[in-house]
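A quick write-up on the structure given underneath.
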Amino acid sequence: MSTLMLDIPTRNSFTGPEILQALSEALPDATVHGPVEIVLDVETTGLTPWAVKKPLTNGKDGDATPRCRVLSLFLPHNGFQTAVDLDQFSSEQKRTLVGMLHGHVWVGHNLLFDYQWLLNLHADIRPARIVDTMLMATAIRPEAVYYMQSVIVQAETRQPSPRKNYAEFARHVKDKMAHKTRSGDKEGGALSLDDLALWLFDQKLDKTFQKPQNWMPDYLSPAHYDYCMGDVDIPPKAARALLKIDSDTDIHGVLDALDNHNGGKAYRDMEEALHVLVRMQRKGLYWSHSAAAELDAALNMAAITAMDALEQIVPALGAFRERLLNPKQGMNDALKTSIDQAIRAETGQGLPTTDKGNPSLSAKDLEEVFPDSQVVTALQGVLKPVSERGKIPQYAALVAEDGRIHPMTGINTVTGRTSSQEPNLQNIPRDPRFRAIFAAPEGHKIIATDFSSIELRIGAALGVRSWRMLRFLREDNQCQSPQRQRIAWIVQKVPELLPWLSDPSEPVPARIAEANPFPDSKSQPDMDTWALAIACQLCVIVKKIHTATEGDEAKLPFRLAYIKGLDPHMITALAMESMSGRFELGGLTPIAYLESLTRDAQDALKKTLKGPRQAAKAVNFGLIYGMSAESLWKYGRQSYGLKWTEAEAEAAKNAYFELFPEMGLWHWLLKNAFSQKADILNPYKAYEVQPATAGGKLYLGSTLSGRLTISSKMTSGANYQDQGTGAEIAFRALRALPEDIQSYLINFVHDELLLEVPEARVAEVQALVEKTMITAADSLLLRYGIPTEVETSMGDCWVH
DNA sequence: GAACCATGCGCC
DNA sequence: AAAGGGCGCATGGTTC
Numbered sequence: 001m002s003t004l005m006l007d008i009p010t011r012n013s014f015t016g017p018e019i020l021q022a023l024s025e026a027l028p029d030a031t032v033h034g035p036v037e038i039v040l041d042v043e044t045t046g047l048t049p050w051a052v053k054k055p056l057t058n059g060k061d062g063d064a065t066p067r068c069r070v071l072s073l074f075l076p077h078n079g080f081q082t083a084v085d086l087d088q089f090s091s092e093q094k095r096t097l098v099g100m101l102h103g104h105v106w107v108g109h110n111l112l113f114d115y116q117w118l119l120n121l122h123a124d125i126r127p128a129r130i131v132d133t134m135l136m137a138t139a140i141r142p143e144a145v146y147y148m149q150s151v152i153v154q155a156e157t158r159q160p161s162p163r164k165n166y167a168e169f170a171r172h173v174k175d176k177m178a179h180k181t182r183s184g185d186k187e188g189g190a191l192s193l194d195d196l197a198l199w200l201f202d203q204k205l206d207k208t209f210q211k212p213q214n215w216m217p218d219y220l221s222p223a224h225y226d227y228c229m230g231d232v233d234i235p236p237k238a239a240r241a242l243l244k245i246d247s248d249t250d251i252h253g254v255l256d257a258l259d260n261h262n263g264g265k266a267y268r269d270m271e272e273a274l275h276v277l278v279r280m281q282r283k284g285l286y287w288s289h290s291a292a293a294e295l296d297a298a299l300n301m302a303a304i305t306a307m308d309a310l311e312q313i314v315p316a317l318g319a320f321r322e323r324l325l326n327p328k329q330g331m332n333d334a335l336k337t338s339i340d341q342a343i344r345a346e347t348g349q350g351l352p353t354t355d356k357g358n359p360s361l362s363a364k365d366l367e368e369v370f371p372d373s374q375v376v377t378a379l380q381g382v383l384k385p386v387s388e389r390g391k392i393p394q395y396a397a398l399v400a401e402d403g404r405i406h407p408m409t410g411i412n413t414v415t416g417r418t419s420s421q422e423p424n425l426q427n428i429p430r431d432p433r434f435r436a437i438f439a440a441p442e443g444h445k446i447i448a449t450d451f452s453s454i455e456l457r458i459g460a461a462l463g464v465r466s467w468r469m470l471r472f473l474r475e476d477n478q479c480q481s482p483q484r485q486r487i488a489w490i491v492q493k494v495p496e497l498l499p500w501l502s503d504p505s506e507p508v509p510a511r512i513a514e515a516n517p518f519p520d521s522k523s524q525p526d527m528d529t530w531a532l533a534i535a536c537q538l539c540v541i542v543k544k545i546h547t548a549t550e551g552d553e554a555k556l557p558f559r560l561a562y563i564k565g566l567d568p569h570m571i572t573a574l575a576m577e578s579m580s581g582r583f584e585l586g587g588l589t590p591i592a593y594l595e596s597l598t599r600d601a602q603d604a605l606k607k608t609l610k611g612p613r614q615a616a617k618a619v620n621f622g623l624i625y626g627m628s629a630e631s632l633w634k635y636g637r638q639s640y641g642l643k644w645t646e647a648e649a650e651a652a653k654n655a656y657f658e659l660f661p662e663m664g665l666w667h668w669l670l671k672n673a674f675s676q677k678a679d680i681l682n683p684y685k686a687y688e689v690q691p692a693t694a695g696g697k698l699y700l701g702s703t704l705s706g707r708l709t710i711s712s713k714m715t716s717g718a719n720y721q722d723q724g725t726g727a728e729i730a731f732r733a734l735r736a737l738p739e740d741i742q743s744y745l746i747n748f749v750h751d752e753l754l755l756e757v758p759e760a761r762v763a764e765v766q767a768l769v770e771k772t773m774i775t776a777a778d779s780l781l782l783r784y785g786i787p788t789e790v791e792t793s794m795g796d797c798w799v800h
C-alpha cells in the first residue's frame, strides 16, 4: 500500500455519519413501504459485545474495547453498497443507522452473530425475516458436505477436478470430517461461509482481516474496505443457490421457496428461535460471587485433604503437591511418569493407552483398569475438586459489568441443535453447589423446566413412524418409492418376503426362517446369501412386532409404555431381569406386569430393582443410536458404574430389541431402505477416500418436521433424526412463549429452559412455560401417539 | 508468540 | 479396522 493512497480520497474507503442521508434515501422505511432485502455483515473486535478476553499482544496497536467496528451493507434491489466505520459515529448516530435496518429482510451467514451486535447498538430493532445461509445449509441442504466429498473422491480416484481452488476445497472438507478444531474457529458443526463459497462458486474467501485485532486500530486501510465489500454478494447468491432457484429471484421468491421447502418448517422454527436466543443473551445470567467464593473454599479444602491422603499413600507425589493443587496447571510429562510408577508399584500393571498409543491418565480409563487401586482413588480425590475449582475463575472472568454472564447461544451444529460459547453455559457441572452460583437476584426465582427424557420419546415416535413406513413400502405396488427401489434386490431374490409381510401371523417361510441372519463377512457370502440374511433380519423383527401388537399400532411397545405412563427404564430393567431368569413376570410382558402393579408397588419395585434400573438407563440411552454390545458394556461400567460382564451387556442388548422391536425396525430401515451407495470419505478415517464401489454409503432420514438428515455413519444417521427433532421441539417452545415470558429466559440447555421470574409471577409463568413446552412437543409427537411430560424445579438459584 | 495437535472432561 | 450422537474449552507439548 503506497502512502499516496492515504492522501488521495478514493471510492474504496469506509463511510462515516455522512452516509446516513444517502442510506435513508436508498433504504425505504420498512414500516411504510414494506421490507427489502438487506445483505449485512459486521466486523468486530471480539466474539460478543460482552467479550472481556484479553487482546493478543502481537504488536498491533489499537483500542481493544469490544465493539462493532464495521457494518457492511448491500441492497441488491438497487445496488447500493457501503461499509461503515462505526468508530466515526456517535452512539446516537449508530442508533439511527441501525434503526434503519428494522423491519427489513436480513440476509447473511450466521446472522445471530451480527444480530447480537446490532441489538447492542439499538435494542428495539427486529428484522421482518432472517435469511441465514448457515441455517439454510443445515435445514435444507444437509447433503452439502457429502456432495463435497463426492467431488474429492471423483478427483482422487478418476480425474483431477477442474476446480481452481480444489486443493483448498479438499483440505476444508477433510478437516471438517476429521472434526479438527483450530484455535478460534471450529471446523466441525454447520457449514461456514468459506465452505459454501468453495462448494457453490469455487471461490476462495479473503481471510486477511478475519481476526478481531484487525478491527482495533485507529486507521482502517482501503484494503480493509476491500475485504469488507469483497464477499458481500456471496450470501444472497448462496441463498438462491441453496434453494436451487434462479439467481435473480427477488427476496419474496426466496422466502416463498424457503417456506415451501421440506426443511422450511424447521427453518422457521430456527429463525424464530434466533430472535429469542439473541435477546436471552442480552439479558444474561446472574452470577453470585458469594456462592462462588463458598464453593471455591469448599473445593480447596477438599483438595488439600485429598492431597494429604495421597501423599500418605505415595510420598513421591509430594514433589508435585503445588502442581496438583493448582487448577491452572495440568499434568506434565514428569507428573505422568511419577503417577505411572506409583500405579505400577502398587498393581504391577502399566497404564492403559490412548488411541494414539500414549499412556492414558483419564479418570474413566484408570477406574476401568484399576478398580481397586488406592493410588487411583486417592489421585482422583485430588484431581476432581481441583479441576472443578479451576472452572470458577473461568466463568468469573466473563462476568460483565452488570454482574451477569452473556454467552452466545447459537444454532450452529450439524444436527440443528444450539451450542453455547464464551462461556459455554451448557456444560455447567451438575453439582448443586456449582449450580447455586447461578442465582436469582433479589425478588426473583429461577424456574428450570425440562422435557423428561425427550430423546427417548422421540425415539419411540421414530419407531412408530418406521412401522408406518414399512406398511407403505409393502403396499407400494408400483415399486416407485426410492426406499422400495433400494430393497428391490432383496425382494427379487427372496420373492416369498412380500407375501409374508402382508400377513405376519403366518409362520415365516422356511427358507427365510432357516437362513443365517448374520453371515460371517469373512467367508464372503454371495448376494443370495446376503439377501436372505437381510430378509431374515426383517422377518424376525416383524414377527416380534406382530406378536406384541397383533396388528394394532397403538400396541407398539415403546409407544404403549408412554401411553400408559410407565417408566421405560423400569420396563427395560424388567425385561433384562426376566430374560436372565432373575425375575419372574408370571407369564406377562414387562409392560403388562408393571401396569398390573399399583403406583405404590411400582415405586417400591423401583427401589428393589435400583441396580437393574441403572443398567437399563445405559441400555435405553445407548442402544437407540446403534451402540455395539461391547461399547454398551464399557458405557455401562463407566457412566453408570455397572459391574457387569460383556456377555450380560450383550444379553441386555438382545432383551432391549426383544422388548422394543420397532426400534430394531427403525435401524433395519435405516441400514437397508434409507441408505444408498455414495462416493464419500471414510467416516472412520477422514483423510481416506471411500468410493461407492468400496462400500461408501450414506444414511438418509428426516426429523419429525420433515427436515432431511444425512450421515455417512448409521449411528449418526439415527442420532440426527432424534436429536434434530429434539432441537425443533425446543425451538417451537421458545418461539411460542409470549414475549414477556421470553424476556425472562436466561439459559437454554437443549431440553431445558431457564427463566428468571419475578416472585409474584412464578406460579403463573411456570404453568405457562410447561403448557407451551408440551404443546410444542405434541405438535410433532402426538401424530405418533407419544405424550410428553415436563418437569420444573424452582428456587433462588439454578436447581436441577 | 501463534498455530497446531493430543488429551481430558463438563453437559444434554 | 472400527463402529452411540452432539457440543466448548482447558492445559501441555511441539513446530513454525
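Using full-length UniProt numbering, the first residue of the first sequence is number 1, and each one after it goes up by one.
Note that CB positions come from ideal geometry on N, CA and C, so glycine has one too.
Only a predicted model underlies this, so the values are computations on that prediction, with no experimental measurement involved.
6 Å CB neighbourhood of Val799 in its chain, flanking five on each side removed: As a position in the first sequence, residue 799 is number 799, starting the count at 1. Excluding sequence neighbours, Val799 sits near Ser793.
Report the partner residues of Gly795 according to the DSSP bridge assignment. For this step, residue 795 is matched to residue 795 along the first sequence. Ile446, per the DSSP bridge assignment.
Classify Ala738 as helix, strand or coil using the three-state DSSP reduction. Here residue 738 corresponds to residue number 738 of the first sequence, with the count starting at 1. For the record, residue 738 in the displayed sequence is Pro; it is not Ala. The answer is coil: DSSP assigns Pro738 none of H, G, I, E or B.
Could you tell me the distance, in whole angstroms, from the CA atom of Ser183 to the CA atom of Pro212? Position 183 of the first sequence, counting from 1, holds the residue named residue 183. Position 212 of the first sequence, counting from 1, holds the residue named residue 212. Below a pLDDT of 50, predicted positions are generally treated as unreliable, and Ser183, at 40, falls in that range; no measurement from the model is reported.
Counterpart residues of Asp85 in DSSP-defined beta bridges: Translated into positions along the first sequence, residue 85 becomes position 85. Partner(s): Val70.
Quick check on the DSSP output: the beta strand (DSSP E) that includes Gly410 runs from which residue to which? Taking the first sequence and counting its residues from 1, the one referred to as residue 410 is at position 410. Taken as a continuous stretch (DSSP letters only), the beta strand (DSSP E) holding Gly410 covers 408 to 410.
For Gly62, which residues in the same chain have their Cβ closer than 6 Å to its Cβ, ignoring the five residues on either side in sequence? For this step, residue 62 is matched to residue 62 along the first sequence. The residues are Met216, Pro217.
Looking at C-alpha atoms only, which residue of Ile591, Glu577, Lys543, Tyr219 is the closest neighbour of Ile563? If you number the first sequence from 1, residue 563 lands on position 563. Comparing Cα-Cα distances from Ile563 to each of Ile591, Glu577, Lys543, Tyr219, the minimum goes to Ile591.
If I'm right that Pro407 touches Leu425 with Cβ under 8 Å, what's the distance once you round it to whole angstroms? The residue given as residue 407 occupies position 407 in the first sequence. The residue given as residue 425 occupies position 425 in the first sequence. The pair is a contact, with the Cβ atoms about 5 Å apart (cut-off 8 Å).
Ignore the nearest five residues each way along the sequence and tell me which others in Cys479's own chain have a CB closer than 6 Å to its CB. Along the first sequence, read from residue 1 onward, the residue named residue 479 stands at position 479. If we look at Cys479 and ignore the five residues flanking it on each side, it has no Cβ neighbours.
Looking only at its chain, what residues have a beta carbon closer than 7 Å to the beta carbon of Ile130, apart from the 5 residues adjacent to it on each side? Taking the first sequence and counting its residues from 1, the one referred to as residue 130 is at position 130. The residues are Trp106, Leu111, Glu271, Leu274.
CB contact flag (His261, Ile140, <8 Å): To locate residue 261, count along the first sequence from 1; it is residue 261. To locate residue 140, count along the first sequence from 1; it is residue 140. In this structure, Ile140 lies closer than 8 Å to His261 by Cβ.
Coil, strand or helix - Asn58 by DSSP: Your numbering for residue 58 matches position 58 in the first sequence. The pLDDT assigned to Asn58 is 49, lower than 50, so where the model puts this residue is not dependable; a value taken from the coordinates is nonetheless given after this. Note: Asn58 maps to coil in three-state DSSP.
How about Gly717 and His750: are their beta carbons less than 8 Å apart? Within the first sequence, numbered from 1, the residue matching residue 717 stands at position 717. Within the first sequence, numbered from 1, the residue matching residue 750 stands at position 750. Not closer than 8 Å, so no.
Buried or exposed: Arg69, going by 16 or more other Cβ atoms within 10 Å of its Cβ? As a position in the first sequence, residue 69 is number 69, starting the count at 1. Result: buried.
Using beta-carbon positions only, say whether Ile458 and Asp722 come within less than 8 Å of one another. Counting from 1 along the first sequence, the entry for residue 458 is found at position 458. Counting from 1 along the first sequence, the entry for residue 722 is found at position 722. Yes, the pair counts as a contact, with Cβ atoms nearer than the cut-off.
Element boundaries [alpha helix (DSSP H), containing Glu37]: Within the first sequence, the letter at position 37 stands for residue 37. Here Glu37 belongs to no alpha helix (DSSP H); instead the beta strand (DSSP E) covers 37 to 44.
Quick check on DSSP: helix, strand or coil for Pro17? As a first step, residue 17 must be located in the first sequence, where it is residue number 17. Pro17: coil per DSSP, three-state reduction.
I'd like to know whether the C-beta atoms of Lys653 and Leu670 end up nearer to each other than 8 Å. Along the first sequence, read from residue 1 onward, the residue named residue 653 stands at position 653. Along the first sequence, read from residue 1 onward, the residue named residue 670 stands at position 670. It is not a contact, given that the beta carbons lie outside the stated cut-off.
Exposure label - His104; buried when at least 16 CB within 10 Å: For this step, residue 104 is matched to residue 104 along the first sequence. Looking at its Cβ environment, which holds 16 or more other Cβ atoms inside 10 Å, His104 is buried.
What residue from Pro758, Met148, His33, Lys391 has the CA that sits closest to Asp175's CA? In the first sequence, counting from the first residue as 1, residue 175 sits at position 175. Asp175 has its Cα closest to that of Met148, out of Pro758, Met148, His33, Lys391.
How far does the beta strand (DSSP E) with Glu756 in it extend, from its first residue to its last? On the first sequence, position 756 is the one that residue 756 refers to. That run of the beta strand (DSSP E) goes 752 to 758.
According to DSSP, residues forming a beta bridge with Asn747: Working through the first sequence from its first residue, we reach residue 747 at position 747. According to DSSP, Asn747 bridges with Leu754.
As a quick exercise: from Ala733, Met177, Arg474, pick the residue whose alpha carbon is nearest that of Ser502. In the first sequence, the residue the question calls residue 502 occupies position 502. Ser502 has its Cα closest to that of Arg474, out of Ala733, Met177, Arg474.
Beta carbon of Leu310, beta carbon of Ile339: below 8 Å? For the purposes of this step, residue 310 is taken as the residue at position 310 of the first sequence. For the purposes of this step, residue 339 is taken as the residue at position 339 of the first sequence. Result no, Cβ atoms of Leu310 and Ile339 do not sit closer than 8 Å.
Exposed or buried, which one is Asn477 when buried takes at least 16 other CB atoms within 10 Å? Within the first sequence, the letter at position 477 stands for residue 477. By the neighbour-count rule (16 or more Cβ atoms within 10 Å), Asn477 is not buried but exposed.
In this structure, how does DSSP classify Thr775 when only helix, strand and coil are distinguished? Counted from its first residue, the first sequence places residue 775 at position 775. Looking at Thr775 - three-state DSSP - the assignment turns out to be helix.
What is the rounded straight-line gap between the Cα of Ala461 and the Cα of Ile571? Locating residue 461 in the first sequence gives position 461, where the first residue counts as 1. Locating residue 571 in the first sequence gives position 571, where the first residue counts as 1. Each residue's Cα considered, the two are about 17 Å apart.
If you draw a straight line from the alpha carbon of Arg465 to that of Arg783, how long is it in whole angstroms? By 1-based counting over the first sequence, the position of residue 465 is 465. By 1-based counting over the first sequence, the position of residue 783 is 783. When rounded, the distance between both Cα atoms is 9 Å.
Sorted by chain position, which residues of the same chain lie with C-beta nearer than 8 Å to Ala513's C-beta, five sequence neighbours on each side aside? Indexing the first sequence from 1 puts residue 513 at position 513. The answer, listed in chain order, is Pro507, Cys536, Cys539.
Helix, strand or coil for Gly706? Go by DSSP, reduced to three states. In the first sequence, residue 706 corresponds to position 706, counting from 1. It is coil, neither helix nor strand.
Put Leu588 into one of helix, strand or coil per three-state DSSP. On the first sequence, position 588 is the one that residue 588 refers to. Looking at Leu588 - three-state DSSP - the assignment turns out to be coil, as it is neither helix nor strand.
Helix, strand or coil: how does DSSP classify Tyr147 here? Translated into positions along the first sequence, residue 147 becomes position 147. The answer is helix: DSSP assigns Tyr147 an H, G or I state.
Might you give, ordered along the chain, the residues of its own chain that have their beta carbon closer than 8 Å to the beta carbon of Val52, omitting 5 neighbours on each side? Against the first sequence, residue 52 aligns to sequence position 52. The residues are Pro66, Ala397, Leu398, Ala400.
Kindly list the residues whose CB is nearer than 8 Å to the CB of Trp467, restricted to its own chain and excluding five residues on each side of it in sequence; keep chain order. Your numbering for residue 467 matches position 467 in the first sequence. Around Trp467: Ile545, Glu553, Leu556, Glu662, Leu665.
Below 7 Å CB to CB, which residues in the same chain sit around Glu422 once its five sequence neighbours on both sides are set aside? Residue mapping note: residue 422 aligns to position 422 of the first sequence, counting from 1. Contacts found: Leu47, Thr48, Ala51, Leu398, Pro407, Met408.
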